[in-house]
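Note that the numbering used here numbers the sequence shown so that position 276 is 378, with each residue one more than the last.
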Amino acid sequence: MNSSTMTTVFAGNSAPTAGVNKDTGFFGSLLADKKILTLFAAIVLFGFFTKIPRLEYPQDFYFDEVYHGFTATVVLHGDRNAYDPWAKSPPGKAYEWTHPPLSKLIMAGMMSVFGENAFGWRIGSVIFGTLATIAAAALAFELFGSLPVAVLTAALMSLDGLLLSQSRIAMNDIYFIFFMLTALIGYVRWKRDETSMRWLYFTGTALGLALATKWTTLYVFLVLAVDLGVTAVRNRRLPPLAACLNMPVALGLLPIAIYLSSYLQYFALGYRWPEFIELFRQMWFYHTGLKATHAAHSQPWQWILNLRPVWMYVDYSVPGKIANIYNLGNSVIFYGGLYAVTTTILKMEWYRSWPVAFMILVYFMLWLPWTISPRIMFFYHYAPAVPILCIILARWLGGNLVSRENADRMTAKFIIAAAVLWFIVFYPDNTAVHVPQGFADAVYFSVPGWKN
């Protein structure tokens, strides 16, 4: 993965739709271009094999695994306490009932295959993190019809530290990200052909899976509502009648049904509807009124600037060395992405291009609502916006790589190379590799907010 290889790919595909047919879909187009298919496969494998090493370390639960991972083990054994807000938890752990159960059910399924151990409760995150990389690339292709932009999106996804860290821990965020991206793929495909009920129901299915993972899916519903409303006003027409008639089912009843289905074990364990309603109320109270404090608490403005990562784990066992897990993002991608977002807005590209406008809308809607959230917030709440940032940055870099101006091409190459270098330098900080204490202090804690 280097800037010269990416430049060659773009040079051979300078037009966004050169050599591809969006109607064949992302994977069909990939199979038709062996060169890009090979590069894409290499990037995906790179992402997978940088996520999975030493996955079993630490061997016990760390950070929020004491909630999510621990509860997944309880779900595995069919214990009612997994869903009980008032159940007494073991020391140092807590039953995680504040989010819907789908991710914990998947973790339990993984443990039934790989064993009830650290590898077992984390491997699902590696798999879904890798799938999220593929989904982000597919979304980029569906939006812009460019295989090189899709490949570059996958590369940026594979180089980001926040996504890397969340893909190695038993939490629900990376599961949500994959389902969210899948829903957006379905919606974009439906927008291309609004008579296609198949893609409308595909979108609703993915939204249901996302909702059964995190309530943050409500932001995605809001994105679709805004887009549908603005499109109707601009075009002075509603979607086709069949779509209007199916929409309440596909984007309403179907996601709700899937959400409720994620609680099948809950009801199988003897809980009833009144208890379910009370659980829902307690979840709502938790997310709207959590006043707890935490050393890693942060604000959205700090997220977009990569200023306040979460300290998830530390190991002082090797004399003179330290091993940390911080979910610090890749600042080259973060700041490069912010620049791409800014220039895209200022150049009014969003006004001339629906795919651009849609990506800008999705990006802001995935983190801006947190600015008015009453609850405690953490850096990983920004993680769903990072794939969208990668797509926007990939599109901007792609344009520069095929620019006639040498300065543009050199800038794009420099950003790609810098992102790779950042990943290499900070990989130990994301994955608990022991480094000299002095190096950690000088590099990993060079910004005050990076140490908490």
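Yeah, the Cβ is synthetic: ideal placement off N, Cα and C, and Gly gets one too.
| query | With C-beta atoms as the reference, is residue 309 less than 8 Å away from residue 353? | reply | Against a cut-off of 8 Å, the Cβ pair of residue 353 and residue 309 comes out as a contact.
| query | Residue ranges of each alpha helix (DSSP H) run of no fewer than 4 residues wholly in the region 401-462, ordered along the chain? | reply | 402-406, 433-448 and 451-454
| said: Just to confirm, is the Cβ distance from residue 465 to residue 434 under 8 Å? | reply: no
| request: Keeping to the same chain, check which residues put their C-beta closer than 6 Å to that of residue 266; ignore five residues upstream and five downstream. | output: Contacts found: 532.
| Of all the CB atoms in chain B, is at least one closer than 8 Å to the CB of residue 268? | Absence of chain B from the displayed structure is noted, only one protein chain being present.
| query | In terms of residue numbering, what span does the alpha helix (DSSP H) encompassing residue 382 cover? | reply | 375-391
| message | Cutting at 6 Å between CB atoms, please list the residues of its own chain near residue 185, excluding the five before and the five after it. | response | 199 and 368
| task | Following the continuous alpha helix (DSSP H) through residue 350, name the residue where it begins and the one where it ends. | result | Counting along the chain, the alpha helix (DSSP H) containing residue 350 begins and ends at 343-350.
| said: Could you tell me which whole alpha helix (DSSP H) segments of length 4 or greater appear in the region 498-549? | reply: 508-533
| Is DSSP giving residue 196 helix, strand or coil here? | coil
| Can you tell which of 221, 167 and 213 has its C-alpha closest to the C-alpha of residue 197? | For the residues 221, 167 and 213, the minimum Cα distance to residue 197 belongs to 167.
| request: Would you mind sorting residue 474 into buried or exposed? The rule is 16 or more other CB atoms within 10 Å of its CB. | output: exposed
| message | Buried or exposed for residue 244, going by 16 or more other Cβ atoms inside 10 Å? | response | With 16 or more other Cβ atoms within 10 Å, it is buried.
| query | Can we say the region 449-459 touches the region 400-407, given the rule of at least three CB pairs closer than 8 Å? | reply | no
| Looking at the structure shown, is residue 122 part of a helix, part of a strand, or coil, going by DSSP? | For residue 122, the predicted structure reports a pLDDT of 47, less than 50, and the residue's modelled location is therefore unreliable. The matter cannot be settled from this model.
| Integer-rounded CB distance, given that residue 305 should sit under 8 Å from residue 292 | 6 Å
| request: Kindly provide the ranges of any alpha helix (DSSP H) runs that are 4 or more residues long and lie completely inside the region 463-497, ordered along the chain. | output: none
| request: Alpha carbon to alpha carbon, how far is residue 431 from residue 118? Give it in angstroms, no decimals. | output: With a pLDDT of 44 at residue 118, under the threshold of 50, the predicted position of this residue should be treated as unreliable, and no value is reported.
| field | Close beta carbons around residue 540, own chain, < 6 Å, minus the five adjacent residues each side | value | So no residue of the chain qualifies.
| field | Complete alpha helix (DSSP H) runs within the region 170-257 (minimum length 4 residues, chain order) | value | Runs of the alpha helix (DSSP H) lying entirely within the region 170-257 and spanning at least 4 residues, in chain order: 170-178, 204-216 and 220-246.
| field | Burial state of residue 428 (16 or more Cβ within 10 Å) | value | buried
| task | From the DSSP output, in three-state form, read off residue 337 for me. | result | helix
| request: Measure the CB-CB distance between residue 386 and residue 445 and report whether it falls below 8 Å. | output: no
| field | DSSP three-state assignment for residue 307, whether helix, strand or coil | value | helix
| Along the chain, where does the alpha helix (DSSP H) that runs through residue 292 open and close? | Per DSSP, the unbroken alpha helix (DSSP H) holding residue 292 starts and ends at 275-294.
| request: Reducing DSSP to helix, strand and coil, say where residue 359 ends up. | output: Of the three classes helix, strand and coil, the one that applies to residue 359 here is helix, per DSSP.
| message | Taking the alpha helix (DSSP H) that residue 131 belongs to, which residues open and close that run? | response | 127-133
| message | By the three-class DSSP mapping on this structure, what secondary structure does residue 260 have? | response | Correct three-state label for residue 260: helix.
| Is the beta carbon of residue 227 sitting closer than 8 Å to the one on residue 272? | yes
| On the three-state DSSP scale, how would you describe residue 300? | helix
| Stretch-stretch touch, CB-based, cutoff 8 Å, three pairs: the region 211-224 with the region 158-166 | yes
| field | Cβ shell of residue 174 (< 6 Å), same chain only, five flanking positions each side left out | value | For residue 174, where only same-chain residues beyond five positions count, the Cβ hits under 6 Å are 206, 209, 210 and 223.
| Pairwise C-alpha distance: residue 366 and residue 351 | 21 Å
| field | Beta-carbon separation (whole angstroms), residue 287 vs residue 362, contact threshold 8 Å | value | That pair is no contact at about 24 Å.
| message | For residue 275 and residue 342, what's the separation of their Cα atoms in angstroms? | response | 35 Å
| said: Using 8 Å as the cut-off, can you tell me whether the region 370-378 makes contact with the region 318-335, which would need three or more C-beta pairs spanning the two stretches below that distance? | reply: no
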